[in-house]
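A.B. asks: Attaching a single structure in structure tokens format; questions to follow.
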Amino acid sequence: MNLILFGPPGAGKGTQAKILQDELGLVQLSTGDMLRAAVAAGTELGKRCKAIMDRGDLVPDEVVVGIIAERLDKPDCKKGAIFDGFPRTVAQAKALDAMLSGRKSRIEAVIELKVDDDAMVGRMESRIAANPGAARADDNPETLRKRLVVYHLNTAPLLDFYRGQGKLFSVDGMAPIAEVSDAVRGVLGRIKTSA
Ligand code: AMP
Numbered sequence: 003m004n005l006i007l008f009g010p011p012g013a014g015k016g017t018q019a020k021i022l023q024d025e026l027g028l029v030q031l032s033t034g035d036m037l038r039a040a041v042a043a044g045t046e047l048g049k050r051c052k053a054i055m056d057r058g059d060l061v062p063d064e065v066v067v068g069i070i071a072e073r074l075d076k077p078d079c080k081k082g083a084i085f086d087g088f089p090r091t092v093a094q095a096k097a098l099d100a101m102l103s104g105r106k107s108r109i110e111a112v113i114e115l116k117v118d119d120d121a122m123v124g125r126m127e128s129r130i131a132a133n134p135g136a137a138r139a140d141d142n143p144e145t146l147r148k149r150l151v152v153y154h155l156n157t158a159p160l161l162d163f164y165r166g167q168g169k170l171f172s173v174d175g176m177a178p179i180a181e182v183s184d185a186v187r188g189v190l191g192r193i194k195t196s197a
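Using the numbering used here, the letters of the sequence shown correspond one by one to residues 3 to 197.
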């Protein structure tokens with residue numbers, strides 16, 4: 003099974019992917035984590051992407067599509083993946099559909115974590131206040147606002163793309179973490195029984 007956890011930065015996609023991956027036997031594929039690892043390792047790719055990421059813009063489609071294509075061929079992706087932070091543009095979504103169909107696979111569900119922008123910024127401010135040293139380079143209220151603009155401009159149109167495919171499900175991302183996980187499990191249960 004392949005799932006996409008969808009939503010703006012700070013919505014809790016990574017948290018939910020980590021909670022669900024073991025129980026579903028799927029692997030979390032976070033392009034953000036992979037890009038940060040490349041930056042930390044000082045690879046050519048990391049050097050190319052660092053400034054783009056720090057200012058809250060999207061790295062080019064072919065970069066993330068290439069990373070995912072390579073990753074999907076690793077044995078741990080055999081049972082499927084939870085995509086977290088990918089796709090972020092319609093071009094990426096089309097490339098993902100093509101990559102999966104070439105591997106006799108497909109996206110079963112896209113689960114949107116519905117959240118409120120202002121609450122996202124508020125959540126981040128309290129996280130930084132609680133733990134000032136731990137912030138990522140793009141983890142500040144100004145860059146988050148920029149990332150939210152980029153989300154609405156480039157990524158939110160994907161909601162229609164997946165709605166059109168009949169794969170879009172929405173849950174309340176503002177609920178406590180455990181309730182969000184339960185809601186996601188509920189969606190997956192409904193998909194299985196209707197399959
Ligand atoms: P994230 O941790 O998912 O919020 O990603 C952090 C940053 O990495 C983003 O603000 C982008 O600069 C870059 N990034 C991650 N995933 C993608 C993607 N699918 N497409 C383009 N840029 C991405």
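Just so you know, even glycine gets a beta-carbon here, dropped at the ideal spot from N, CA and C.
Using 8 Å for Cβ pairs, my map puts Asp-86 next to Gln-167. What's the rounded Cβ distance?
C.D. replies: Not confirmed; about 19 Å, so no contact.
A.B. asks: Would you list the residues sitting across from Leu-170 in a DSSP beta bridge?
C.D. replies: Val-112
A.B. asks: Since Ile-109 and Lys-169 are thought to touch, with beta carbons under 8 Å apart, how far apart are those beta carbons, to the nearest angstrom?
C.D. replies: 6 Å
A.B. asks: Can you give me the Cβ contacts of Asp-119 inside the same chain, cut-off strictly under 6 Å, excluding the 5 residues immediately before and after it?
C.D. replies: Leu-150
A.B. asks: Please go through the same chain and pick out, in chain order, the residues whose beta-carbon is closer than 8 Å to the beta-carbon of Met-122, but skip the five residues on each side of it.
C.D. replies: Pro-10, Pro-11, Gly-12, Ala-13, Leu-146 and Leu-150
A.B. asks: Can the beta-carbon of Leu-7 be found closer than 8 Å to that of Ile-84?
C.D. replies: yes
A.B. asks: Using CA coordinates, which residue listed in Lys-80, Val-61, Lys-76 and Arg-105 is at the minimum distance from Phe-88?
C.D. replies: Val-61
A.B. asks: In angstroms with no decimal places, state the Cα-to-Cα distance between Leu-98 and Asp-140.
C.D. replies: 26 Å
A.B. asks: Should Gly-27 be listed as close to ligand 1, given that the test is whether its C-beta is under 7 Å from any heavy atom?
C.D. replies: Incorrect: Gly-27 has no Cβ contact closer than 7 Å to ligand 1.
A.B. asks: Just curious, the alpha helix (DSSP H) that Ser-103 is in, first and last residue?
C.D. replies: Counting along the chain, the alpha helix (DSSP H) containing Ser-103 begins and ends at 92-104.
A.B. asks: Residues in the same chain with beta-carbon distance under 7 Å from Asp-56, minus the five sequence neighbours each way, listed in chain order, please.
C.D. replies: Ala-139 and Asp-140
A.B. asks: Less than 8 Å between the C-beta atoms of Thr-45 and Ile-70, yes or no?
C.D. replies: no
A.B. asks: Could you give the DSSP three-state label for Ala-177: helix, strand or coil?
C.D. replies: coil
A.B. asks: Find out if the Cβ-Cβ distance for the pair Leu-16, Lys-148 is shorter than 8 Å.
C.D. replies: Correcting the residue identity first, residue 16 is Gly in this sequence and not Leu. No, they are not a contact pair.
A.B. asks: To which residues does DSSP link Ile-84 through a beta bridge?
C.D. replies: Leu-5 and Gln-30
A.B. asks: My output table needs one value for Asp-78: the three-state DSSP class, helix, strand or coil.
C.D. replies: helix
A.B. asks: Would you check if the distance between the CB atom of Ala-93 and the CB atom of Phe-163 is smaller than 8 Å?
C.D. replies: no
A.B. asks: Near ligand 1, which residues have their beta-carbon closer than 5 Å to a heavy atom?
C.D. replies: Pro-11, Thr-33, Gly-34, Leu-37, Met-55, Leu-60, Val-61, Val-66, Gly-87, Phe-88 and Arg-90
A.B. asks: Considering only the beta carbon of each residue, do Met-3 and Leu-28 sit closer than 8 Å?
C.D. replies: yes
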